[in-house]
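A.B. asks: Be aware that the sequence shown starts at 79, since it is given in this note's numbering, and climbs by one per residue. Attaching a single structure in structure tokens format; questions to follow.
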Amino acid sequence: MSAQPLAESLVQSVDWLAIAPPTIAAVVALVVLVADLFVPESRKAVLGWVSVAGLAAAALTLLPLLDGHRSTFCLAGPARACSYTADHFTLVIQFLVLGGALLAALLSVTNLDDDRRRVPAGEFWFLLLSSAAGAALLPASRDLATLIVALEVASLPAFALVGIRHGDERSSEAALKFFLSSVTATAVSLMGISFVYASTGTLYLTQVAQRLPHVDGQLHTLAQTGVVLTLVGFAFKTAAVPFHFWVPDTYVGAPLPVAAYLSVVGKAVGFSGLILVTVVAFPSYADVWGPALAALAALTMTVGNVAALRQQATRAYSAVRLLAWSSVGQAGYLLVPIAAAGYTKDAEKAIGSTVAYALMYAAVNLGAFAVAALVGRGRALNRISDYRGLYATNPVTALLLAFFLLCLAGLPPGVIGLFAKVTVFSTAVDAGLGWLAVVMAVNVVIALFYYLQWTALLFRAPEGESARHRVPAPLTAAIALTGVLGIALSGAPQLVLRFAATGLF
Numbered sequence: 079m080s081a082q083p084l085a086e087s088l089v090q091s092v093d094w095l096a097i098a099p100p101t102i103a104a105v106v107a108l109v110v111l112v113a114d115l116f117v118p119e120s121r122k123a124v125l126g127w128v129s130v131a132g133l134a135a136a137a138l139t140l141l142p143l144l145d146g147h148r149s150t151f152c153l154a155g156p157a158r159a160c161s162y163t164a165d166h167f168t169l170v171i172q173f174l175v176l177g178g179a180l181l182a183a184l185l186s187v188t189n190l191d192d193d194r195r196r197v198p199a200g201e202f203w204f205l206l207l208s209s210a211a212g213a214a215l216l217p218a219s220r221d222l223a224t225l226i227v228a229l230e231v232a233s234l235p236a237f238a239l240v241g242i243r244h245g246d247e248r249s250s251e252a253a254l255k256f257f258l259s260s261v262t263a264t265a266v267s268l269m270g271i272s273f274v275y276a277s278t279g280t281l282y283l284t285q286v287a288q289r290l291p292h293v294d295g296q297l298h299t300l301a302q303t304g305v306v307l308t309l310v311g312f313a314f315k316t317a318a319v320p321f322h323f324w325v326p327d328t329y330v331g332a333p334l335p336v337a338a339y340l341s342v343v344g345k346a347v348g349f350s351g352l353i354l355v356t357v358v359a360f361p362s363y364a365d366v367w368g369p370a371l372a373a374l375a376a377l378t379m380t381v382g383n384v385a386a387l388r389q390q391a392t393r394a395y396s397a398v399r400l401l402a403w404s405s406v407g408q409a410g411y412l413l414v415p416i417a418a419a420g421y422t423k424d425a426e427k428a429i430g431s432t433v434a435y436a437l438m439y440a441a442v443n444l445g446a447f448a449v450a451a452l453v454g455r456g457r458a459l460n461r462i463s464d465y466r467g468l469y470a471t472n473p474v475t476a477l478l479l480a481f482f483l484l485c486l487a488g489l490p491p492g493v494i495g496l497f498a499k500v501t502v503f504s505t506a507v508d509a510g511l512g513w514l515a516v517v518m519a520v521n522v523v524i525a526l527f528y529y530l531q532w533t534a535l536l537f538r539a540p541e542g543e544s545a546r547h548r549v550p551a552p553l554t555a556a557i558a559l560t561g562v563l564g565i566a567l568s569g570a571p572q573l574v575l576r577f578a579a580t581g582l583f
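Below, the structure is given as structure tokens:
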């Protein structure tokens, strides 16, 4: 008799349309892996185009989901809770993740052609698609178990992608550092989640939020420890200082398209997970995570920008290192609205600022990495000094790189970058975090120096014989797409905030 009610309370029917984006990416990953066994070596390039098509198809399935919220893998009964929810927040992050993965795939098509002896094509595309599937699953996760599984599905293939080049010591070292830091983060997160489950008796985020304020006094310390450990684990994933040490070496050691992927998709994974655990699961502990994230934001943006400022133009891989440290600084800006959500009653508006900034950052940072991939074809050491005189040989590419750097700096004509920074700045001020707004303003000035220094170098007279860079079609498509997107958003920046902030949860 008791078996029937128990069965009715278990997971119900599956909404296949809601789970289509991550599912398509996962299915195409398996198709590519199996097809690799039968496709001859001379035609391995077709696997790349199948992967690009699969990511595009996964992104297109977001369109039918725009009509409203969908939930699946739900429990029946009065205390209804779901493991997967396709709300506006989910769709925006999935658009960012799948779009970023698609652009990284376009960069990878060219990179694999150049480096096919050391990078196995089938394994590469399988790992990239698998990671993208996990990254697309994470923003829809509404229980802690699904959240941590999605996080690891996104992260584990990324370790292998970083170290996939055979015989490359830098690549192997980068993969090891990335692996150790990520495993540590996962262990800390799992410990925190186990404490939260022990004190609340549930893994569903909405139920955790309801039960945490009413935890028994004897379990109060356990619940607090669980919240703190969970937040520390996600801070690792966002590359927040002091959990950032793996970033520069990992970006330099990884194939450049993989570094571009990590800088955007990897960051989106960490920040969307952090948003879900803070705003959705732990709102009652805002007095704990609000100040902690504010301090992390100030520390992260300062360390990232100062380290980027110290990069020497003639040092090997200095362009990639500068982009790596810049991404750490940008992570600090992204943390500001999440911290502000702990101080304001309108947390959804604050989170909308983070999502809007992430969309801007994704478009222009991928564009900067695409140009770096182009220059790296002729200059393997990819130093900042290698970009001197780029305008003389590739005027359109130089102008686009200058535009991307000005967007990251927040200067016109990069209006979308200025708009995003002003939005984050106003969020901090509205939340009463005036000191954090001042720290952000100082860091924006610091960042202006190294962004403008690199931009000016593009238009100087080249030293010696100028090298012309042949631009393959996939690389051309990636640079053009990011350029068009950045220019379009600069023409109508208000659309980004409206798209990102409307009815997130």
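We put the beta carbon where it would ideally sit given N, CA and C, even for glycine.
1) Counting only the same chain and skipping the five closest in sequence on each side, list residues whose C-beta sits under 6 Å from that of residue 249.
2) From the DSSP output, read off the bridge partner residues of residue 162.
3) Kindly list the residues whose CB is nearer than 8 Å to the CB of residue 276, restricted to its own chain and excluding five residues on each side of it in sequence; keep chain order.
4) Which of the three DSSP states, helix, strand or coil, is assigned to residue 421?
5) Between which residues of its own chain and residue 384 is the CB-CB distance below 7 Å, once the five residues before and five after are set aside?
6) What are the start and end residues of the alpha helix (DSSP H) that includes residue 271?
7) If you draw a straight line from the C-alpha of residue 313 to the C-alpha of residue 263, how long is it?
8) With distances taken Cα to Cα, identify the nearest neighbour of residue 442 among 567, 453 and 403.
9) Am I right that residue 324 and residue 423 are in contact with their C-beta atoms under 8 Å? What's the rounded C-beta distance?
10) Near residue 79, what residues of its chain come up, given a Cβ to Cβ distance below 8 Å and the 5 sequence neighbours on each side ignored?
11) What do you reckon, are the CB atoms on residue 231 and residue 211 nearer than 8 Å?
12) Considering only residues of the same chain and omitting the five flanking positions on each side of residue 391, which have a CB-CB separation below 6 Å?
13) Count the CB pairs spanning the stretch 559-574 and the stretch 431-438 that are closer than 8 Å, and state whether there are at least three.
14) May I ask you to verify whether the stretch 362-371 touches the stretch 440-459, counting CB pairs closer than 8 Å and requiring at least 3?
15) I'd like the span of the alpha helix (DSSP H) that includes residue 482, first residue to last.
16) Give every residue of the same chain whose Cβ lies closer than 7 Å to the Cβ of residue 364, excluding the five residues on either side of it in the sequence, and list them in chain order.
17) Tell me, to the nearest whole angstrom, how far the beta carbon of residue 361 is from that of residue 287; I am working on the premise that it is less than 8 Å.
18) For residue 417, which option in 472, 559, 452 and 509 has the closest C-alpha, if you only look at C-alpha atoms?
19) Give the range of the alpha helix (DSSP H) segment to which residue 568 is assigned.
20) With three or more beta-carbon pairs closer than 8 Å as the criterion, would you say the stretch 199-208 touches the stretch 221-229?
21) Taking the alpha-carbon of residue 394 as reference, which of 187, 302 and 326 has the nearest alpha-carbon?
22) Have a look at the DSSP bridge pairing and note the partners of residue 282.
23) If you follow the alpha helix (DSSP H) that residue 531 is in, where does it begin and where does it stop?
24) Would you kindly check if the distance between the Cβ of residue 505 and the Cβ of residue 431 is under 8 Å?
25) Within 10 angstroms of the Cβ of residue 166, are there 16 or more other Cβ atoms? Answer buried if so, exposed if not.
26) Using the Cα positions of residue 518 and residue 374, report the straight-line distance between them to the nearest angstrom.
27) Would you call the stretch 279-293 in contact with the stretch 338-347, where contact means no fewer than 3 C-beta pairs closer than 8 Å?
28) From this set, 178, 116 and 149, which residue's C-alpha is nearest residue 130's C-alpha?
29) Does the distance from the CB of residue 406 to the CB of residue 382 come in under 8 Å?
30) What does the alpha-carbon distance come out to for the pair residue 101 and residue 354?
C.D. replies: So, from the data block:
1) 241, 243 and 331
2) 150 and 219
3) 297, 300 and 304
4) coil
5) 524
6) 247-278
7) 8 Å
8) 567
9) About 36 Å; that fails the 8 Å criterion.
10) Only weak support exists for where residue 79 lies, its pLDDT of 43 falling under 50; the value from the coordinates is given anyway. No residues qualify anywhere along the chain.
11) yes
12) 462 and 463
13) yes
14) no
15) 473-487
16) 420
17) 6 Å
18) 509
19) 551-569
20) no
21) 326
22) 221
23) 512-536
24) yes
25) buried
26) 12 Å
27) no
28) 178
29) yes
30) 21 Å
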